[in-house]
Amino acid sequence: MDSPGKVCIPIPDVDFRPEFAQNRSPLQTTICIHLEGRGVIMRIFVISVLLLSGWHATAADIDWQVTRSWTPALEKKFSEFVNILGTSGCRTLTECLTSSASNPFYAARTPKRRYPADCADFPFSLRMYFAWMEELPFDYVSRAVPANSRNETKGDLRYTKFGNKPGAWRTIQAGGTYDFFAELSALRGAVSTATYRMHYDYISDFYPPAISPAQIQPGTVVYDPSGHAAIVYAVQKDGRIRLMDAHPDNSVTRITYDQKFSRSRPRMGRGLRIGGRN
Numbered sequence: 375m376d377s378p379g380k381v382c383i384p385i386p387d388v389d390f391r392p393e394f395a396q397n398r399s400p401l402q403t404t405i406c407i408h409l410e411g412r413g414v415i416m417r418i419f420v421i422s423v424l425l426l427s428g429w430h431a432t433a434a435d436i437d438w439q440v441t442r443s444w445t446p447a448l449e450k451k452f453s454e455f456v457n458i459l460g461t462s463g464c465r466t467l468t469e470c471l472t473s474s475a476s477n478p479f480y481a482a483r484t485p486k487r488r489y490p491a492d493c494a495d496f497p498f499s500l501r502m503y504f505a506w507m508e509e510l511p512f513d514y515v516s517r518a519v520p521a522n523s524r525n526e527t528k529g530d531l532r533y534t535k536f537g538n539k540p541g542a543w544r545t546i547q548a549g550g551t552y553d554f555f556a557e558l559s560a561l562r563g564a565v566s567t568a569t570y571r572m573h574y575d576y577i578s579d580f581y582p583p584a585i586s587p588a589q590i591q592p593g594t595v596v597y598d599p600s601g602h603a604a605i606v607y608a609v610q611k612d613g614r615i616r617l618m619d620a621h622p623d624n625s626v627t628r629i630t631y632d633q634k635f636s637r638s639r640p641r642m643g644r645g646l647r648i649g650g651r652n
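Just so we're aligned, residue 375 is where the sequence shown starts under my numbering, counting upward by one.
Dropping the structure here:
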């Protein structure tokens, strides 16, 4: 309610689009500003800026509630989502997610913020983002530990001699309300290429696919034990596997899966991987 010296302005969710809304309804935020002691010109200026800026920090911008489960149809939609991003030519995760050309499924509902990602974060971030938009569960290994700590000689978990294993999990599940941006920030702080460096005997974030066109689809992840990760966005008719990868400067590039990806022992978890726990 307005009171002397205070003005309240309702700001609608201008990004709300019913065709993408799933179970959501448009939300509205009310901004109240105390203007006591301010001149008329300053009052007009403040109100005008708010109205013209389109600012709408609604709960829908960040809330993540799980209302559905993963299905083969949603896995296919995730694959299509990654394929469109990859073929669009977007050059940062921010551009990939906020441009309607790169992200026709969800750009209209994506808050206009920065979405930084390096090579390890990138595949996880895409899957987490998709899960958020589709109100799906999501989990990941939030802490990697050496698989053979007694005999390990490497202090850097990204390059352990015997590989790693899960030490802790983070789970987004039905029954709670989660702040997507807090979860994305936590993921970026927890995930590194050490998270990929796990033998398939462990129940981790991935499992090895059959080497066939039915299994190697956009969304499949590739891990190089030398310290790099990427995500498949297309498999061409001649069999070439096209990848997107991100870098410490947050740039996103396209490469081909070839002999530059090093071979290693199975305990390193190298090669093509499919996300398998959500």
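Cβ atoms here follow ideal geometry from the backbone N, Cα and C, with glycine treated the same way.
Keep in mind it's a predicted model, so treat the numbers as computed, not measured.
Check, Outcome
"Could you check if Thr-567 is buried or exposed, using at least 16 other CB atoms within 10 Å of its CB as the buried criterion?", "buried"
"Rounded to whole angstroms, what is the Cα-Cα separation between Asn-397 and Ala-475?", "Note that Asn-397 scores a pLDDT of 41, beneath 50, so its modelled location is shaky and nothing firm can be said."
"Sort Ile-590, Gly-550, Tyr-503 and Thr-545 by Cα distance to Arg-483 and report the nearest one.", "Tyr-503"
"Determine the DSSP secondary structure at Val-456, reduced to helix, strand or coil.", "helix"
"Just checking my contact of Thr-468 with Tyr-489 at CB under 8 Å: how many whole Å lie between their CB atoms?", "5 Å"
"Excluding sequence positions up to five away, which residues of its chain have a Cβ less than 6 Å from the Cβ of Asn-522?", "Phe-536"
"When the distance is taken between beta carbons, is Ala-620 closer than 8 Å to Asp-495?", "yes"
"Return the residue from the list Lys-634, Pro-587, Trp-444 and Tyr-597 that minimises the CA-CA distance to Phe-512.", "Trp-444"
"When the Cβ atoms of the segment 514 to 533 are set against those of the segment 548 to 557, are three or more pairs found closer than 8 Å?", "no"
"Quick check on the burial criterion: 16 or more other C-beta atoms within 10 angstroms. Buried or exposed for Tyr-574?", "exposed"
"Give a yes or no on whether the C-beta atoms belonging to Val-515 and Pro-540 are separated by under 8 Å.", "yes"
"Quick check on Lys-634: does DSSP put it in helix, strand or coil?", "coil"
"Here's the rule: buried if 16 or more other CB atoms are within 10 angstroms of the residue's CB, otherwise exposed. What is Gln-633?", "exposed"
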